[in-house]
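Remarks on the structure that follows.
Number of protein chains: 2
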Amino acid sequence: MEAQEYVERGKHLFIPQLSIDTVVIGFRDNQLKVLLLEFDGQWMLPGGHVYHHESVEEASKRILLERTGLAKYYLKLFHVFGDSDRSFPCEMKQIFEKIGMAWKEDIWINDRYVSIGYYALVDIEQAKPTGSSFTQKYAWHDLKSLPEMWFDHEKIVVKAHKTLEGDVSLHQHSFNLLPEKFTMPQLHQLHEQILDKKLDRSRFQKKMLSLDIFERLPELKEGVPYKRPYLYKFKRESRV
Amino acid sequence: MEAQEYVERGKHLFIPQLSIDTVVIGFRDNQLKVLLLEFDGQWMLPGGHVYHHESVEEASKRILLERTGLAKYYLKLFHVFGDSDRSFPCEMKQIFEKIGMAWKEDIWINDRYVSIGYYALVDIEQAKPTGSSFTQKYAWHDLKSLPEMWFDHEKIVVKAHKTLEGDVSLHQHSFNLLPEKFTMPQLHQLHEQILDKKLDRSRFQKKMLSLDIFERLPELKEGVPYKRPYLYKFKRESRV
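Listed in order, the protein sequences are those of chains A and B.
Counted from 1, the first sequence has number 99 at position 86 by the numbering used here; the numbering is strictly sequential.
Counted from 1, the second sequence has number 49 at position 36 by the numbering used here; the numbering is strictly sequential.
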């Protein structure tokens, strides 16, 4: 949807005062990455609103598909951002002026919004991000060194990261961040990144294998200088 | 707020199409109990809406205080009920007719609502429940044998129970369901009820004590026929 259309018609299309913000997390170069959209030198999360005809869950999946092209991922509602001062008139005005759109104080987008926060764990190599109504520029940023962000989006990313750290189902879902075939060192580095601490390598490996959710493949990893490691894949047929 | 006032003024007082439903859970007679309100032979959850001036969290605490008189509890946002068909015109009409209030198809209360589900773990002996705008009758029901309920509230209770079962922080928070001083057998029975399975008594006790979050008190439990058990309390100053 174009920005103009979005602003003109949104008031009638969506559930009022409710939004979705999605923290899309990937893993590359041994770093956790977050997908952000750029506007005028600052960054924002992919997000959107809930159409009257769709469920909140459907909306979250639609937004993720629109922004990343992905239909496979692990998606979790991790928090509701419900502070009474969640409206951003100054920043909204700035954005409207930059785009060259007429600004009115009482525009719907200027209301207080309760935002439902999701995080998505995705295979970064499979993602094909696109822009939003307001910007075509996106990039994957290090989760640990965020750029300057619009609204309260930095707070939302930090909260998502914290929740991910404490997520019980981490072992079951972290593979969503890896390619289909991965090595134990990759899994080890991923968990170190998520938990932000060193994990004893052999104890980690023993624990992971004891979960009995990975399958060791007959082939070894290619293109590694010496002692090629085994490749593993997740036992279930499909990722979800 | 009286029902009449609630219906007349609510449209302007609250964030539209957003509600809160709270599953208030207590523990008595070795059973998990849920606080329900009765209207015309069927039961509903305590709940409400978010005032424009308050945060979602503040609203959830206000509702809990209004319905139980409690300011101490463990409160957790466990799910967002966001299906697109979450409106209940037939049942709402029935309730209005019973109360003798004028019913209009386009009344705000008839909209689709996204409901934020909280569960609260409370000390049932400290709770002083009261009715709501629509009914003065309440009761504690067994969580495992629910009466007939209004709307989709049974689904919400079941989901809360399931979430509680899988809650990692169960060990840290289950004491909210017990009196200030409790015995290991009480804690054991509570966990068996929450998890709905038998737990080996001595292994459970060892695990609990290893958490180092309970303090054994010098006194023994009174009024027990033989072999009076030790009393414990939670180490932190105050319950949260």
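All C-beta atoms in this analysis are idealised placements derived from N, C-alpha and C, irrespective of residue type, glycine included.
None of the values given here were measured: they were computed from a predicted structure.
Query: Any C-beta of chain B under 8 Å from that of Q30 of chain A; Result: yes
Query: Residue-level contact to chain B via CB, S215 of chain A, 8 Å cutoff; Result: no
Query: Unbroken stretches of the beta strand (DSSP E), 3 residues or longer, contained in the region 201-247 of chain B; Result: 227-233 and 243-247
Query: Contact with chain A by E70 of chain B, beta-carbon distance below 8 Å; Result: yes
Query: Rounded straight-line distance, which links the Cα of D98 of chain B to that of Q55 of chain A; Result: 38 Å
Query: Pairwise C-alpha distance: Y64 of chain A and V170 of chain B; Result: 27 Å
Query: Interface partners of I129 of chain B on chain A, CB under 7 Å; Result: V93
Query: Under 7 Å by beta carbon: chain A residues contacting D96 of chain B; Result: S68
Query: Touching by the beta-carbon criterion (3+ pairs, under 8 Å), the region 111-131 of chain B and the region 14-27 of chain B; Result: yes
Query: CA-to-CA distance, E67 of chain A to M14 of chain B, given in whole angstroms; Result: 32 Å
Query: is_contact[L134 of chain A, chain B] using C-beta, thresh 8 Å; Result: no
Query: Exposure label - S128 of chain B; buried when at least 16 CB within 10 Å; Result: buried
Query: DSSP state of H3 of chain A mapped onto helix, strand, coil; Result: Shown here, chain A extends from 14 to 253; a query on residue 3 of chain A therefore has no answer.
Query: CB of F164 of chain A within 8 Å of CB of A16 of chain A, strictly; Result: no
Query: Residues of its chain near G60 of chain A, where Cβ-Cβ distance is below 7 Å and the 5 sequence neighbours each way are ignored; Result: S32, I33, D34, T35 and I76
Query: Cβ contact (3+ pairs, closer than 8 Å) linking the region 189-208 of chain A and the region 217-232 of chain A; Result: yes
Query: Reduced DSSP category for S128 of chain A - H, G, I as helix; E, B as strand; rest coil; Result: strand
Query: 8 Å Cβ cutoff, L26 of chain A in contact with chain B; Result: no
Query: Helix, strand or coil at S251 of chain B [DSSP, three-state]; Result: Note that S251 of chain B has pLDDT 39, beneath the 50 cutoff, so the model's placement of it is unreliable and the number below is only indicative. In the structure shown, S251 of chain B sits in coil (DSSP, three-state: anything other than H, G, I, E or B).
Query: First through last residue of the alpha helix (DSSP H) which encompasses L177 of chain A; Result: H166 to E178
Query: Residue-level contact to chain B via CB, L90 of chain A, 8 Å cutoff; Result: yes
Query: Distance, A133 of chain B Cα to T176 of chain B Cα; Result: 12 Å
Query: Delimiting residues of the alpha helix (DSSP H) encompassing Q17 of chain A; Result: A16 to L26
Query: Check: Q30 of chain A C-beta below 7 Å from any heavy atom of the ligand GTP; Result: In the structure shown, the ligand GTP is absent, as is every other ligand, since no ligand is present at all.
Query: Beta-carbon gap between G144 of chain B and L58 of chain B smaller than 8 Å; Result: no
Query: Below-8 Å beta-carbon distance, R22 of chain A vs any chain B residue; Result: no
Query: Among A:G82, A:V237 and A:G179, nearest to P198 of chain A - alpha-carbon criterion; Result: A:V237
Query: Contact set for N43 of chain A: own chain, Cβ-Cβ below 6 Å, skip 5 residues either direction; Result: Q202
Query: Where Q55 of chain B falls: helix, strand or coil (DSSP); Result: strand
Query: Span of the beta strand (DSSP E), counted from its first residue to its last, around L88 of chain B; Result: Y87 to F94
Query: Cβ neighbours of E205 of chain B in the same chain (closer than 7 Å, five flanking residues each side left out); Result: K211 and L212
Query: Member of A:C103, A:H174, A:F188 and A:E104 whose CA lies at the smallest distance from the CA of L244 of chain A; Result: A:F188
Query: Contact check, Y126 of chain A vs L90 of chain A, beta carbons under 8 Å; Result: no
Query: Enclosing alpha helix (DSSP H) for S183 of chain B [first to last residue]; Result: Note that residue 183 of chain B corresponds to Leu in the displayed sequence, not to Ser. It spans L183 to H186 - the alpha helix (DSSP H) in which L183 of chain B sits, taken as one unbroken run.
Query: Where I33 of chain A falls: helix, strand or coil (DSSP); Result: strand
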